[in-house]
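Note sheet for the following structure.
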Amino acid sequence: MITSIEIENLRGIGSGRLDGLMPLTILTGPNACGKSTVLDALLIATSPTPEDAAGVAVQRHPAVPGGAKWLVGAPDKLATLLVKTSSGLWLRRIKWLGHCQGAMRDRLLERKARPPFSMIALEELERSLLEDMADVGLSLEEQPIDDSVSARTAFGADNQYVGRPLGGRGLSQMSFVRLVDPGLPLPLHRTFAAAVRAGRRDDVYELLSALVPEFERLEILVEDDDTPSLYLTSAGRSVPVGLAGDGVQAFVQLALEVAVAPEGLVLVEEPEVYQHPRAIWQTARVLLANMRRGVQIVLTTHSLELIDALLAEANEDDLEKMALFNLLLEAGKLSSGRRAGEEIVFARQTLENDLR
14 MITSIEIENL RGIGSGRLDG LMPLTILTGP NACGKSTVLD ALLIATSPTP EDAAGVAVQR
74 HPAVPGGAKW LVGAPDKLAT LLVKTSSGLW LRRIKWLGHC QGAMRDRLLE RKARPPFSMI
134 ALEELERSLL EDMADVGLSL EEQPIDDSVS ARTAFGADNQ YVGRPLGGRG LSQMSFVRLV
194 DPGLPLPLHR TFAAAVRAGR RDDVYELLSA LVPEFERLEI LVEDDDTPSL YLTSAGRSVP
254 VGLAGDGVQA FVQLALEVAV APEGLVLVEE PEVYQHPRAI WQTARVLLAN MRRGVQIVLT
314 THSLELIDAL LAEANEDDLE KMALFNLLLE AGKLSSGRRA GEEIVFARQT LENDLR
C-alpha cells in the first residue's frame, strides 16, 4: 500500500508531500489546489508502465493542446516523484526533452498525430542509489538520467502519444494501477469483458439494479461498422451505454474500472460528476466494497454528499482505513490538513464550510 508521496516540479506543484495515505484516501480542496496533479503524480510514480501513465496524464486534459510541455512545471528542471510503501520506496524522475525525432516520431506520424512532436524521459532510481547520493551530498538534479534505461513518451500537438518502456525491471511493487476519470473516454466493452473474466459481473449488476429502473443486463453488441460497443438493457430495451445518460455512463465506467482491479491502486477523479444523489450513494458503496477486498483507492471530490454517503455506509473497520486531506496550493507549495478515522466524522461541519 502507498503510504506517502513527495512531489517536486510536476505541473503547478513546485513542492509538496502527502503522508499517511490510507486504503481509502479522499482529496478535497478548492479548484486549482493540486488535487488532479496529485492523481497524475501517483499514476506516473506507481504504474508498472510509466510511459503509458504519462500519456494518460496528458490526454486527460484535452483542452490543452501540446499538453506534454506543461507536465513538467519548470522544463529546465527535473520533476521528481518519491513514493513510500509499507515495505519500501522508489523514485521516478521526469525530464522534458523537447523536440522528438527518430523512430518514435515515425510512429506518431503513422498514427496521424499532429506536429510539432515532443518527448519526455522517465527514470526510476533504486533506494540504494538514493542513499548513496545522500551520503555524498548529491542532489537529484546532479544525477543525470540514464538514457539506456529510461522510459520515453513522445507526443503530438493533439496529445496522441507513443511510449518506450523502462529498460530492465521497474521497482514499482504495484502490479495494477488504474485512473478512472469521467472525462477520459474508454472502450467500456473491453473493461466489461475484463470484469466478467475477473468474476465480478454479478457485483456490477447488483449495483446497477439499484440505480437503473428495470435493469436487466450489460452486453457487447457489434455496430453496423463491425465496431464492438457496450449496451445496457432495461425494461426489454437495449441502448448503447453512451446513450443511457451521462450519469449512468459515468457510474458504469466507475463500477467496471474498479471491479477489474485484482488489488493494487485505483485513482478516481471526481466520481460525483454527472451523478444524481442516488447514484452518488451507489458510488460510495462501489468504493467501500472494493476497498474491503484490498484495492487502495485515492479519489478527488468537491461533493459533501459523497463524503456523507461514504461515512454513512462505512462500518467501524472501514473508518479506521479512511483519511481525508484538504489541499492548498500557494506559490507552487502544496500543503494539506489531514483527518483520519473518526476525526472525519467529528469534522463534518468544517468539511461543509470547506466544500460549500
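Last residue of the sequence shown: 369 in my numbering, with the numbers rising by one and none dropped.
Where is the CB? At the ideal position from N, CA and C, for every residue including glycine.
C-alpha distance - residue i paired with residue j, whole-angstrom precision
| i | j | result |
| --- | --- | --- |
| residue 276 | residue 308 | 4 Å |
| residue 294 | residue 163 | 43 Å |
| residue 43 | residue 193 | 20 Å |
| residue 109 | residue 199 | 27 Å |
| residue 258 | residue 279 | 24 Å |
| residue 337 | residue 105 | 25 Å |
| residue 81 | residue 38 | 27 Å |
| residue 60 | residue 131 | 22 Å |
| residue 297 | residue 215 | 18 Å |
| residue 133 | residue 248 | 50 Å |
| residue 301 | residue 218 | 16 Å |
| residue 299 | residue 48 | 21 Å |
| residue 36 | residue 304 | 6 Å |
| residue 364 | residue 180 | 45 Å |
| residue 58 | residue 319 | 27 Å |
| residue 358 | residue 333 | 12 Å |
| residue 226 | residue 250 | 12 Å |
| residue 166 | residue 88 | 15 Å |
| residue 46 | residue 26 | 9 Å |
| residue 86 | residue 246 | 46 Å |
| residue 138 | residue 91 | 13 Å |
| residue 238 | residue 361 | 52 Å |
| residue 324 | residue 197 | 28 Å |
| residue 401 | residue 72 | The question about residue 401 has no answer, for the chain in this structure spans 14 to 369. |
| residue 64 | residue 178 | 6 Å |
| residue 120 | residue 213 | 37 Å |
| residue 83 | residue 228 | 43 Å |
| residue 264 | residue 75 | 21 Å |
Cβ neighbour criterion (16 or more within 10 Å) applied to residue i
| i | result |
| --- | --- |
| residue 24 | buried |
| residue 5 | Look at the range of the chain in this structure, 14 to 369, and you will see that residue 5 is not part of it. |
| residue 256 | exposed |
| residue 68 | buried |
| residue 176 | buried |
| residue 169 | buried |
| residue 77 | exposed |
| residue 136 | buried |
| residue 235 | exposed |
| residue 148 | Per-residue confidence for residue 148 stands at a pLDDT of 45, beneath the threshold of 50, marking its modelled position as unreliable; the derived number appears in the next sentence. The residue is exposed, with fewer than 16 neighbouring Cβ atoms inside 10 Å. |
| residue 100 | exposed |
| residue 316 | buried |
Beta-bridge partners of residue i, as assigned by DSSP
| i | result |
| --- | --- |
| residue 335 | 37 |
| residue 12 | Outside the shown range of the chain, which is 14 to 369, sits residue 12, and nothing can be said about it. |
| residue 353 | 336 |
| residue 228 | 247 |
| residue 32 | 17 |
| residue 343 | 346 |
| residue 132 | 111, 167 |
| residue 137 | 105 |
| residue 176 | 166 |
| residue 191 | 279 |
Uninterrupted beta strand (DSSP E) stretches inside the stretch 259 to 328 (no shorter than 3 residues): DSSP runs (the beta strand (DSSP E)) wholly in the stretch 259 to 328: 278 to 282, 309 to 313.
Segments of 3+ residues assigned as beta strand (DSSP E) that fall wholly inside the stretch 69 to 129: List check, beta strand (DSSP E) in window: 92 to 98, 102 to 112.
Segment contact flag, the stretch 346 to 364 with the stretch 26 to 40, C-beta cutoff 8 Å, min 3 pairs: Counting Cβ pairs under 8 Å, three or more are found: they touch.
The stretch 96 to 104 contacting the stretch 112 to 122, beta-carbon criterion three pairs below 8 Å: With a cut-off of 8 Å, the stretch 112 to 122 and the stretch 96 to 104 do not count as touching, because too few Cβ pairs lie within range.
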